[in-house]
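Listed in order, the protein sequences are those of chains A and B.
Following my numbering, the residues of the first sequence are numbered contiguously, the last one being 293.
Following my numbering, the residues of the second sequence are numbered contiguously, the last one being 776.
In what follows, a structure is listed as C-alpha cells, so that the remarks can point back to it.
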Amino acid sequence: MLAVPIQALFGQLLIGLINGSFYALLSLGLAIIFGLLNVVNFAHGALYMLGAFVAWFLAEKAGVGYWGALILAPLAVGLFGAVIERLLLRRLAGLDPLYGLLLTFGIALILQGLFSNWFGSSGMPYEMPSALQGGRALPFMFLPNYRLWVIAVSLVVCLGTWAITERTRLGSWLRAATENAALVSAFGINVPRMITITYGLGVALAALAGVLAAPIYRVSPLMGADLIIVVFAVVVIGGMGSILGSIITGFSLGILEGLTKVFYPEASNTVIFVVMAIVLLVRPAGLFGKQA
Amino acid sequence: MAENLLSVKGLNAWYGESHVLHGVDLEVRKGELVTVVGRNGAGKTTTMKSIMGMVRPRQGSVKFEGKETIALPSYRIARLGIALCPEERGIFASLDVAENLALPPKVREGGLTNAQVFELFPNLKERLRSQGTKLSGGEQQMLAIGRILRTGARLLLLDEPTEGLAPVIVQQIGNSIRRLKAEGFTIILVEQNLRFARTVADRHYVMEGGRIVDQIDNAALELSMDKVNHYLGV
Numbered sequence: 002m003l004a005v006p007i008q009a010l011f012g013q014l015l016i017g018l019i020n021g022s023f024y025a026l027l028s029l030g031l032a033i034i035f036g037l038l039n040v041v042n043f044a045h046g047a048l049y050m051l052g053a054f055v056a057w058f059l060a061e062k063a064g065v066g067y068w069g070a071l072i073l074a075p076l077a078v079g080l081f082g083a084v085i086e087r088l089l090l091r092r093l094a095g096l097d098p099l100y101g102l103l104l105t106f107g108i109a110l111i112l113q114g115l116f117s118n119w120f121g122s123s124g125m126p127y128e129m130p131s132a133l134q135g136g137r138a139l140p141f142m143f144l145p146n147y148r149l150w151v152i153a154v155s156l157v158v159c160l161g162t163w164a165i166t167e168r169t170r171l172g173s174w175l176r177a178a179t180e181n182a183a184l185v186s187a188f189g190i191n192v193p194r195m196i197t198i199t200y201g202l203g204v205a206l207a208a209l210a211g212v213l214a215a216p217i218y219r220v221s222p223l224m225g226a227d228l229i230i231v232v233f234a235v236v237v238i239g240g241m242g243s244i245l246g247s248i249i250t251g252f253s254l255g256i257l258e259g260l261t262k263v264f265y266p267e268a269s270n271t272v273i274f275v276v277m278a279i280v281l282l283v284r285p286a287g288l289f290g291k292q293a
Numbered sequence: 543m544a545e546n547l548l549s550v551k552g553l554n555a556w557y558g559e560s561h562v563l564h565g566v567d568l569e570v571r572k573g574e575l576v577t578v579v580g581r582n583g584a585g586k587t588t589t590m591k592s593i594m595g596m597v598r599p600r601q602g603s604v605k606f607e608g609k610e611t612i613a614l615p616s617y618r619i620a621r622l623g624i625a626l627c628p629e630e631r632g633i634f635a636s637l638d639v640a641e642n643l644a645l646p647p648k649v650r651e652g653g654l655t656n657a658q659v660f661e662l663f664p665n666l667k668e669r670l671r672s673q674g675t676k677l678s679g680g681e682q683q684m685l686a687i688g689r690i691l692r693t694g695a696r697l698l699l700l701d702e703p704t705e706g707l708a709p710v711i712v713q714q715i716g717n718s719i720r721r722l723k724a725e726g727f728t729i730i731l732v733e734q735n736l737r738f739a740r741t742v743a744d745r746h747y748v749m750e751g752g753r754i755v756d757q758i759d760n761a762a763l764e765l766s767m768d769k770v771n772h773y774l775g776v
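In C-alpha cells, the structure reads:
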C-alpha cells in the first residue's frame, strides 16, 4: 500500500464527509425541485449564500445566534423562494426547461452581484456556537465537534426528507405529481400550491446548508457560486430528480474527493467531473435515474 | 324527469393550436349511465379531459349540479365531486397499490370504504404492497376505478375501461360498473366496444369530428344498429 500517514487519510476522509454533507443537502433540494417543477435551479448556490447571509444579519442586527438562525434563515429564504416561484417561475411552467434555467441563473447573478456590491467579495467571519467549539482527540486524529455536528445534521435532514417523500401521504402526492401533475390535479389536489411549497422547501434546504457552512467557511457573496458547479455534477451523476440517489451520491463523492486528495492530490479538483463524464457516457440517466 | 347532474353546452377545446372540440353538447341526469361512442380521434377522451378541466383552453359551459365550472382549475372541479378514470389508467409507477388507492383525497362524504372497494375488486387486496405498474392490465384498471370510488365523487368519467382486456376481465368490470350504477353513481362511459356498452348503458351519445352528432336510447339501439355501425365505421 501507498505510504500515507493515517492522520492524513482520516483528516481528508473527514473533510470529504463534510463536503459530502453539503453536496447531499444541496443536491437533494435540486433533485426535489427538478422532479416536480422540471426546473434546473441555478439559483440554488445563491440561495445557499443567502442562507448564510441571513444568519449573519440575524447575528449582527438582531442578536439572534446560531441556533435561532438554523431555524429562521431556512424559513426566510424558503419564503423568498416561494415568492420567486409564485411570481416568476410559474409564468414559465409548460415552456422549455431552458427558460427556467436561464431565469434562475439570472436570479443567481443578481443576488451575487448585489451582495458583492454591498459586502465586497472577501466575506465576513461567522462565530461558531460555543456549545460546538472544540473537539475530541481520537487516537489517529483530532475531530472538531462542529464538523461532526454538520455531518449529523445533514444525514438526519437528508434521511428525514427521504422518509417524508417515501412514507407519507404528502410524499406520495409529490411522487405522483412528479410523474403526472395533470392527473394529480384532476383528483382534487392543489398542484400549483404544492409546487410553490416544494420550491420553498428545496430552497430552504439550500439555506440550511448555508447556515451550517457559515462558521466553517466565511460568509461571502460567492460562496455558493463555486460550490454549485460541483453540486450540479453530483446531481448529474446521481440522476436528475432521484432523491435517494442525490443523497448517496453527495456523500460518496465528497468521500471520493477526500480520498483523491490523499492519494493523488493533483486530481482532487477534477475527480468529480471525471466521474461525471464517465457516468454520462455509460449511464446517461445517472446512477439512480430512470433510464429513458 | 330527474335533474341534470352534468350539463355541457357548446364546449370547445384546443390542444395548443389545434381545435379539437367544436361545441360539444351533452347532459347526464342523476343516476344515469350514458356512453360516449365514436371512432378514434372523434374527441371522446378530449371531452372527458375537458369536463375535468385538464385541457386548456376550453370554452363554452360545463355545469355540475347547476354550478358553472368553465373557469375553474381542474383540482377545484374534482372537489365538486367529479372523478376521472383516464384512458391510459394513470397508475403511478413510483407508488405502490395502497398509495395509488389512497392518492385521491376525499372530496365529499359518502365514498366507498376500502373494504367496499376490495369487495368490488378482491384482486387488489392481495397486491397492496406491489408497485402500481407491476399489476396486470386488468388489475391496473380495477385500481384506476377503485381509487376514484373512495373520494365521494358522484359523477364518474370512465374512459375506455375495457380497452385491451380479456373477455373475462371485461365481464368483471361490467359487473362492477352495473353495481356502481345500482348504488347511485352517475357515470359517463367512453366505449368503443358497443356490445359491452349496451349491457350497461341507459343512453348513448355518438361523437364525430369533435361534436355530438347523435343520441340513442339503449332500448332503441337494436333498431339503430345500421346507423351506429356506420358512425363507428364497423
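All residues carry an ideal CB built from backbone N, CA and C; glycine is no exception.
These numbers come from a predicted model, not from an experiment.
Backbone secondary structure at Ser253(A) - three-state DSSP: In this structure, Ser253(A) counts as helix in the three-state DSSP scheme.
Cβ closer than 9 angstroms: which chain B residues qualify as neighbours of Ile190(A)? Per Cβ cutoff of 9 angstroms: Tyr617, Ala620, Leu645, Pro646, Pro647.
Spatial distance of Ile729(B) from Trp150(A) (CA atoms): Spanning the two alpha carbons is a distance of roughly 58 angstroms.
So within the segment 643-699 of chain B, which uninterrupted alpha helix (DSSP H) runs reach at least 4 residues, ignoring any that extend past its ends? The segment 643-699 of chain B contains these whole alpha helix (DSSP H) runs: 656-662, 664-668, 679-691.
Per-residue contacts from Ser186(A) into chain B (C-beta, under 8 angstroms): Correct list: Met596, Pro615, Ser616, Tyr617, Ala620.
Spatial distance of Arg745(B) from Asp759(B) (CA atoms): A straight line joining the alpha-carbon of Arg745(B) with that of Asp759(B) spans about 4 angstroms.
Check whether Gly583(B) and Gly552(B) have beta carbons under 7 angstroms apart: Not closer than 7 angstroms, so no.
Which chain A residues are close to Ala635(B), counting only those with a beta carbon under 7 angstroms from its beta carbon? Those are Glu180, listed as they occur along chain A.
Does Asp227(A) come out as helix, strand or coil in the three-state DSSP assignment? Correct three-state label for Asp227(A): helix.
Exposed or buried, Gln13(A), counting other C-beta atoms within 10 Å across all chains shown (16 or more means buried)? When all chains shown are included, Gln13(A) counts as buried.
Residue-chain proximity (Arg176(A), chain B), Cβ-Cβ < 7 angstroms: Under the Cβ distance rule, Arg176(A) counts among the residues neighbouring chain B, one pair being separated by less than 7 angstroms.
Against chain B, with Cβ distances strictly below 7 angstroms, would Ser243(A) count as a contact? Residue contact with chain B for Ser243(A): absent (no Cβ-Cβ distance below 7 angstroms to any residue of chain B).
Are there three or more Cβ pairs, one per stretch, closer than 8 angstroms when the segment 208-228 of chain A is compared with the segment 87-107 of chain A? Verdict: no, contact absent.
At a CB-CB cut-off below 7 angstroms, which residues of chain B make contact with Arg170(A)? Neighbours of Arg170(A) on chain B, chain order: Ala644.
Report the neighbours of Leu670(B) on chain A: residues whose CB is nearer than 9 angstroms to its CB, in chain order. Residues of chain A passing the Cβ test: none, with the nearest at roughly 13 angstroms.
Please name the residue in Gly653(B), Asn656(B), Ala644(B), Ala640(B) whose C-alpha comes closest to that of Leu677(B). In terms of Cα proximity to Leu677(B), the closest of Gly653(B), Asn656(B), Ala644(B), Ala640(B) is Ala640(B).
Answer with buried or exposed for Gly726(B), where buried requires no fewer than 16 other C-beta atoms within 10 angstroms of its C-beta. Here Gly726(B) is exposed, its C-beta having fewer than 16 other C-beta atoms within 10 Å.
By the three-class DSSP mapping on this structure, what secondary structure does Phe289(A) have? Phe289(A) carries a coil assignment under DSSP once its states are collapsed to helix, strand and coil.
Beta carbon proximity, Glu661(B) to chain A, threshold 7 angstroms: Not one chain A Cβ lies under 7 angstroms of Glu661(B).
Which residue spans inside the segment 47-100 of chain A form an unbroken alpha helix (DSSP H) run of at least 4? 67-88, all fully within the segment 47-100 of chain A.
List, from N- to C-terminal side, the beta strand (DSSP E) runs of 3 residues or more that fit wholly inside the segment 125-161 of chain A. Whole beta strand (DSSP E) segments, 3+ residues: 136-139, 142-145.
Only counting the same chain, and skipping five residues up and downstream in sequence, which positions put a Cβ closer than 6 angstroms to that of Ala215(A)? Hits under 6 angstroms: Ala53, Ala56, Tyr127.
Quick check on Asn20(A): buried or exposed, where buried means 16 or more other Cβ atoms within 10 Å of its Cβ? Buried, because 16 or more other Cβ atoms sit within 10 Å of the Cβ of Asn20(A).
Going straight from the alpha carbon of Gly79(A) to that of Gly255(A), what length do you get? Distance between the alpha carbons of Gly79(A) and Gly255(A): 26 angstroms.
Span separating the alpha-carbon of Leu112(A) from that of Leu51(A): Between Leu112(A) and Leu51(A), the C-alpha separation is close to 8 angstroms.
Does the beta carbon of Val204(A) come closer than 7 angstroms to any beta carbon on chain B? Chain B, which has no Cβ nearer than 7 angstroms to the Cβ of Val204(A), makes this no.
Among Gly46(A), Val5(A), Asp97(A), nearest to Val220(A) - alpha-carbon criterion: It is Gly46(A) whose Cα lies nearest to the Cα of Val220(A).
Less than 6 angstroms between C-beta atoms, sequence neighbours within five positions excluded: which residues of the same chain meet that for Leu534(B)? In this structure chain B extends from 543 to 776, so residue 534(B) is not present and cannot be described.
Would Leu575(B) pass as a contact of Leu697(B) if the rule is Cβ separation under 7 angstroms? Against a cut-off of 7 angstroms, the Cβ pair of Leu697(B) and Leu575(B) comes out as no contact.
Mind listing which residues of the segment 690-707 of chain B have their C-beta closer than 9 angstroms to chain A's C-betas, in chain order? Within the segment 690-707 of chain B, the qualifying residues are Ile690, Thr693, Ala695.
Along the segment 15-39 of chain A, what residues have a CB closer than 7 angstroms to any CB found in chain B? Listed by position, the residues of the segment 15-39 of chain A near chain B (Cβ gap below 7 angstroms) amount to none.
To which residues of the same chain is Leu563(B) closer than 7 angstroms at the C-beta, ignoring the five residues directly before and after it? Excluding sequence positions up to five before and after Leu563(B), its CB lies within less than 7 angstroms of the CB of Leu553, Asn554, Ala555, Gly585, Thr588, Thr589, Ser592, Gly752, all in the same chain and listed in chain order.
My understanding is that Asn236(A) touches Ser28(A), with C-beta atoms under 8 angstroms, so please give their C-beta distance in whole angstroms. Note that residue 236(A) corresponds to Val in the displayed sequence, not to Asn. That belief holds up - the Cβ atoms of Val236(A) and Ser28(A) are roughly 5 angstroms apart, short of 8 angstroms.
Rounded to a whole number of angstroms, what is the C-alpha to C-alpha distance between Ala625(B) and Met594(B)? For the pair Ala625(B) and Met594(B), the Cα-to-Cα distance works out to about 8 angstroms.
To the nearest whole angstrom, what separates the beta carbons of Leu736(B) and Val579(B), a pair I think is in contact under 8 angstroms? At roughly 6 angstroms, the Cβ-Cβ gap stays under 8 angstroms, so Leu736(B) and Val579(B) are in contact.
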